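Worksheet for the structure shown next.
Residue numbers (our numbering): 582 to 777.
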């Protein structure tokens, strides 16, 4: 092997490797000219698809057109645009969302998420932005409304992270327990003097 051309699999002599995952899909990865392992940005339905992706990566390396995946530009998509597409395509167990669920998500988007995140590019939303938004929601909304809005935001950002367009590198929704509604008991709301 010529240095800088990527490594071939020691067992098979093929460029990169393809592994079947418990989900039944296939993961493709390879060691690039930089000596680092690189995973495909998505998993594949067939081994042939995964091998095809590896062939493109190998061809780029040979042509000296390869760039590390981290250096590739991310698509810039506004949160509102992605959320609309996500809601239109969302299914549960292969079935479209029920009207009531879709209406609930639409209400959460319009009243809780889009006013803060709508115009922002997905990739610019930080964990600090989400934490600041969550603190404000806790002050203004019921625990259930806050938890529902946070859960929807988390689900949308998780989908964006898994999107083949590499829309976000990490999910900024890291507020521990924020997706769970916690109701404070009356006793915990009383001042120490009243409780005596």
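Even for Gly, the Cβ is constructed at its ideal location relative to N, Cα and C.
Since the model is a prediction, treat every value here as computed from it, not as a measurement.
Specify, as a first and last residue, the run of the alpha helix (DSSP H) that residue 717 falls within. Numbered from 1 along the chain shown, position 136 holds the residue referred to as residue 717. Residues 708-721.
Residue 600 by DSSP, collapsed to three states: which one? Translated into positions along the chain shown, residue 600 becomes position 19. Of the three classes helix, strand and coil, the one that applies to residue 600 here is strand, per DSSP.
Thinking residue 693 and residue 730 are a contact (beta carbons under 8 Å), I'd like their distance in whole angstroms, please. Within the chain shown, numbered from 1, the residue matching residue 693 stands at position 112. Within the chain shown, numbered from 1, the residue matching residue 730 stands at position 149. Rounded, the Cβ-Cβ distance is 4 Å, consistent with contact.
Quick one: what's got a C-beta closer than 8 Å to residue 722's C-beta in the same chain, skipping five residues either side? Position 141 of the chain shown, counting from 1, holds the residue named residue 722. 693 and 730.
I'd like the span of the alpha helix (DSSP H) that includes residue 637, first residue to last. Within the chain shown, residue 637 is the residue found at index 56, counting from 1. It spans 628-643 - the alpha helix (DSSP H) in which residue 637 sits, taken as one unbroken run.
Given this structure, state the Cα-to-Cα distance separating residue 699 from residue 679, to the nearest angstrom. Along the chain shown, one-based indexing puts residue 699 at 118. Along the chain shown, one-based indexing puts residue 679 at 98. Computed Cα separation, rounded: 24 Å.
Taking Cβ to Cβ, would you say residue 657 is nearer than 8 Å to residue 704? Here residue 657 corresponds to residue number 76 of the chain shown, with the count starting at 1. Here residue 704 corresponds to residue number 123 of the chain shown, with the count starting at 1. In contact: residue 657 and residue 704 (Cβ atoms closer than 8 Å).
Buried or exposed, going by whether 16 or more other CB atoms sit within 10 Å of the CB of residue 616? Residue numbering aside, residue 616 sits at position 35 when the chain shown is read from its first letter. Result: exposed.
Is the beta carbon of residue 715 less than 8 Å from the beta carbon of residue 759? Locating residue 715 in the chain shown gives position 134, where the first residue counts as 1. Locating residue 759 in the chain shown gives position 178, where the first residue counts as 1. In contact: residue 715 and residue 759 (Cβ atoms closer than 8 Å).
Mind checking residue 690: buried by the 16 CB within 10 Å criterion, or exposed? By one-based count along the chain shown, residue 690 stands at place 109. The residue in question, residue 690, is buried, as its Cβ has 16 or more Cβ neighbours within 10 Å.
Which value, in whole angstroms, describes the spacing of the CA atoms of residue 712 and residue 751? Within the chain shown, numbered from 1, the residue matching residue 712 stands at position 131. Within the chain shown, numbered from 1, the residue matching residue 751 stands at position 170. If you take the alpha carbons of residue 712 and residue 751, they lie about 15 Å apart.
With a 10 Å radius around its C-beta and 16 neighbouring C-beta atoms as the bar for buried, classify residue 753 as buried or exposed. As a working mapping, residue 753 is identified with position 172 in the chain shown. Under this definition residue 753 is a buried residue.
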